[in-house]
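S.K.: Could you have a look at this structure, given as structure tokens, before my questions?
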Amino acid sequence: MGDHSHGSPDDSGTVAKAGTGTLDKFQDPGLPPHRKRLADTDPHAEKRAERQVALLFIISIIGTLSFFIAYFVLGRPENISEIRVQNAMLGLGTTFAMLGIGIGIVHWAKTLMPDHEIMEMRHEIRPEADRKEAEEIINQVLEETGIKRRPLIRNTLIGAIALAPIPAIFMFRDLDRTGKNAGAMVEQLRHTMWDADIRLTRDPSGTPIKASDVQIGSVFHVIPEGLDDAEDVLNEKAKAVVLLMRLDPDKMDISAGREDWHYEGIVAYSKICTHVGCPVALYEQQTHHLLCPCHQSTFDLTKECKVIFGPAGRPLPQLPIKVDSNGFLVARSDFHEPVGPSYWERG
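Below, the structure is given as structure tokens:
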């Protein structure tokens, strides 16, 4: 076989030519040519980009002010619809406050800050010159951003950054259960459409349910009679939906004070999981377990829906029921505790 005329690279990044004993170094390709942007050559485009950046910072300021309006002006909502509006305004205000700053800084960097690449040779660090070099780097950064000569951007940025963190302070403060809005929220969730003598009806037909219709092992998805006439059907249903089942009374572990909350083994429990509010809709007839499909929280129906597995923090609320003179199942009262996730203050 003949000798190959091609060289092979060694560890130093060079190529040795076979038979010659000479070394050729790789050529440094250098930096690609810099392409100027429109704002680099057109003063009008530069001014337009500056105004765009300032506008984005102003949008951030408006978002923060919207948060304040929703938080302080709306105050304590009186119903679920007002709570929903307030939450939407709080969320949108915070979103625009953060988004305006983020997009504004990115747009500033892409249109106005220098974008040319530079190359510096590595050199030994000299401790005695560190402070001076740090000052030079800071001054260079300030010069490249143009923040000194662009007061419109500087002032709007300062305003946006100064206001943006304030909503977080109020939101984190209200994570405390004693927050000022906690009581209003709890009152809205504590009360549902259920009340004394309101009939239990099938969901979604609204057909009343007789005690004789409920057999051991059967499950009924239940809504209160008159739900369709409610002012806000969706919200009322979200709080009031119930699962109705019948057990052997001998297998039920009934606590003191709840002896008359069931009728001959027929029990009704909130369908809303106490973890994050998913609908509990899976019933295991043999084990008498209710299962939430979202995070697998499991409730033991024979023990008043005590949590036996999963992240739920408390049992499902029970709806006290009885039978009226016509044999129909009716509620004795509303739930005795708020329905839904456990992070609501239960007082």
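In case it helps, this note's numbering puts the sequence shown at residues 5 to 351. Cβ coordinates follow ideal geometry from the N, Cα and C atoms, glycine included.
1) DSSP three-state call for Ser64: helix, strand or coil?
2) Does Thr98 come out as helix, strand or coil in the three-state DSSP assignment?
3) Please go through the same chain and pick out, in chain order, the residues whose beta-carbon is closer than 6 Å to the beta-carbon of Asp254, but skip the five residues on each side of it.
4) Measure the CB-CB distance between Thr196 and Phe339 and report whether it falls below 8 Å.
5) Which same chain residues end up closer than 8 Å to Val280 when comparing Cβ atoms and leaving out the 5 residues on each side of it in sequence?
6) Over the uninterrupted beta strand (DSSP E) stretch that includes Arg250, give me the two end residues.
7) Compare the Cα-Cα distances from Arg194 to each of Cys309, Asp236, Ala166 and Glu240 and report the closest residue.
8) Look up Gln90 in the DSSP assignment and say whether it is helix, strand or coil.
9) Measure from the alpha carbon of Ser337 to the alpha carbon of each residue in Met256, Thr302, His266 and Asp304, then state which is nearest.
10) Taking the straight line between their C-alpha atoms, what separation do you get for Val245 and Val343?
11) In angstroms, rounded to a whole number, what distance separates the CA positions of Ile73 and Pro155?
12) May I ask you to report which of helix, strand or coil DSSP gives Val280?
13) With a threshold of 8 Å, are at least 3 pairs of Cβ atoms found where one atom belongs to the stretch 105 to 116 and the other to the stretch 47 to 61?
14) Spatial neighbours of Arg250 within its chain, please: C-beta separation below 7 Å, excluding the five flanking residues on both sides.
15) Should Glu147 be labelled buried (16 or more other beta-carbon atoms within 10 Å of its own) or exposed?
16) Applying the 10 Å Cβ sphere with the 16-neighbour rule, what's the burial state of Glu308?
17) Could you please give the first and the last residue of the uninterrupted beta strand (DSSP E) stretch that includes Thr45?
18) Following the continuous beta strand (DSSP E) through Arg206, name the residue where it begins and the one where it ends.
19) Identify whether Gln253 lies in helix, strand or coil by the three-state DSSP scheme.
20) Suppose contacts are defined by Cβ-Cβ distances below 8 Å. Is Ala335 in contact with Ala200 by that definition?
21) Does the beta-carbon of Ala172 have 16 or more other beta-carbons within 10 angstroms, so that it is buried, or is it exposed?
22) Which residues bound the beta strand (DSSP E) around Pro228?
23) Going by C-alpha to C-alpha distance, which of Pro47, His48, Phe100 and Ile276 sits closest to His355?
24) Hey, Ser70 and Met93 are a contact pair by Cβ (cut 8 Å); roughly how many whole angstroms apart?
25) Could you pull out every residue in the same chain whose Cβ sits closer than 6 Å to the Cβ of Trp112, ignoring the five residues on either side in sequence?
26) Just to confirm, is the Cβ distance from Thr291 to Asp257 under 8 Å?
27) To the nearest angstrom, how far is the alpha carbon of Leu167 from that of Thr160?
28) Rounding to the nearest angstrom, what Cα-Cα distance links Leu294 and Asp328 in this structure?
29) Hey, Gly150 and Gly104: beta-carbon distance below 8 Å or not?
30) Between which two residues does the beta strand (DSSP E) carrying Ile325 extend?
31) Spatial neighbours of Ile165 within its chain, please: C-beta separation below 7 Å, excluding the five flanking residues on both sides.
M.R.: In short, the structure shows the following:
1) For the purposes of this step, residue 64 is taken as the residue at position 60 of the sequence shown. Here Ser64 sits in helix by DSSP.
2) Position 94 of the sequence shown, counted from the start, is the residue given in the question as residue 98. Note: Thr98 maps to helix in three-state DSSP.
3) If you number the sequence shown from 1, residue 254 lands on position 250. If we look at Asp254 and ignore the five residues flanking it on each side, it has no Cβ neighbours.
4) Position 192 of the sequence shown holds residue 196. Position 335 of the sequence shown holds residue 339. A contact, by the Cβ cut-off of 8 Å.
5) The residue you call residue 280 lines up with position 276 of the sequence shown. Once the five neighbours on either side are set aside, the close Cβ partners of Val280 are Cys298, His299 and Pro345.
6) Here residue 250 refers to the residue found at position 246 of the sequence shown. Counting along the chain, the beta strand (DSSP E) containing Arg250 begins and ends at Val246 to Arg250.
7) As a working note, residue 194 is residue 190 in the sequence shown. Ranking the options by Cα distance to Arg194, first place goes to Glu240.
8) To locate residue 90, count along the sequence shown from 1; it is residue 86. Helix, per DSSP.
9) Here residue 337 refers to the residue found at position 333 when the sequence shown is read from its first residue. When each option's Cα is compared against that of Ser337, the closest is His266.
10) For this step, residue 245 is matched to residue 241 along the sequence shown. For this step, residue 343 is matched to residue 339 along the sequence shown. The straight-line gap from Cα to Cα measures roughly 10 Å.
11) Residue 73 sits at position 69 when you count from the first residue of the sequence shown. Residue 155 sits at position 151 when you count from the first residue of the sequence shown. The straight-line gap from Cα to Cα measures roughly 28 Å.
12) For the purposes of this step, residue 280 is taken as residue 276 along the sequence shown, with counting starting at 1. If DSSP states are grouped into helix, strand and coil, Val280 belongs with coil.
13) yes
14) One-based indexing of the sequence shown puts residue 250 at position 246. If we look at Arg250 and ignore the five residues flanking it on each side, its Cβ neighbours are Val218, Gln219, Ile220, Ser222, Gly269 and Ile270.
15) Translated into positions along the sequence shown, residue 147 becomes position 143. Under this definition Glu147 is an exposed residue.
16) As a working mapping, residue 308 is identified with position 304 in the sequence shown. By the 10 Å Cβ count, Glu308 comes out buried.
17) As a working note, residue 45 is residue 41 in the sequence shown. Looking at the DSSP string, Thr45 is not in any beta strand (DSSP E); the run it does join, the alpha helix (DSSP H), is Leu42 to Thr45.
18) For the purposes of this step, residue 206 is identified with residue 202 of the sequence shown, where counting begins at 1. Leu204 to Arg206 is the span of the beta strand (DSSP E), which, as asked, contains Arg206.
19) The residue you call residue 253 lines up with position 249 of the sequence shown. Per the sequence presented here, residue 253 reads as Pro, with Gln not at that position. Reduced to three states, the DSSP call for Pro253 is helix.
20) As a first step, residue 335 is located in the sequence shown; it is residue number 331 there, counting from the start. As a first step, residue 200 is located in the sequence shown; it is residue number 196 there, counting from the start. Result yes, Cβ atoms of Ala335 and Ala200 sit closer than 8 Å.
21) Indexing the sequence shown from 1 puts residue 172 at position 168. That one is exposed.
22) The sequence position of residue 228 within the sequence shown is 224, counting from 1. Looking at the DSSP string, the run of the beta strand (DSSP E) that includes Pro228 is Val223 to Pro228.
23) For residue 355 there is no data in the structure shown, the boundaries of the chain being 5 and 351.
24) As a working mapping, residue 70 is identified with position 66 in the sequence shown. As a working mapping, residue 93 is identified with position 89 in the sequence shown. Confirmed, Cβ separation roughly 6 Å.
25) Counted from its first residue, the sequence shown places residue 112 at position 108. Closer than 6 Å at Cβ, skipping near neighbours: Val57.
26) Position 287 of the sequence shown, counting from 1, holds the residue named residue 291. Position 253 of the sequence shown, counting from 1, holds the residue named residue 257. Result no, Cβ atoms of Thr291 and Asp257 do not sit closer than 8 Å.
27) Residue mapping note: residue 167 aligns to position 163 of the sequence shown, counting from 1. Residue mapping note: residue 160 aligns to position 156 of the sequence shown, counting from 1. Between Leu167 and Thr160, the C-alpha separation is close to 11 Å.
28) Counting from one through the sequence shown, the residue named residue 294 turns up at place 290. Counting from one through the sequence shown, the residue named residue 328 turns up at place 324. C-alpha separation (whole angstroms): 27 Å.
29) Here residue 150 refers to the residue found at position 146 when the sequence shown is read from its first residue. Here residue 104 refers to the residue found at position 100 when the sequence shown is read from its first residue. No, Cβ-Cβ distance for Gly150 and Gly104 is not below 8 Å.
30) Translated into the one-based positions of the sequence shown, residue 325 becomes position 321. It spans Ile325 to Val327 - the beta strand (DSSP E) in which Ile325 sits, taken as one unbroken run.
31) As a first step, residue 165 must be located in the sequence shown, where it is residue number 161. Closer than 7 Å at Cβ, skipping near neighbours: Ile105.
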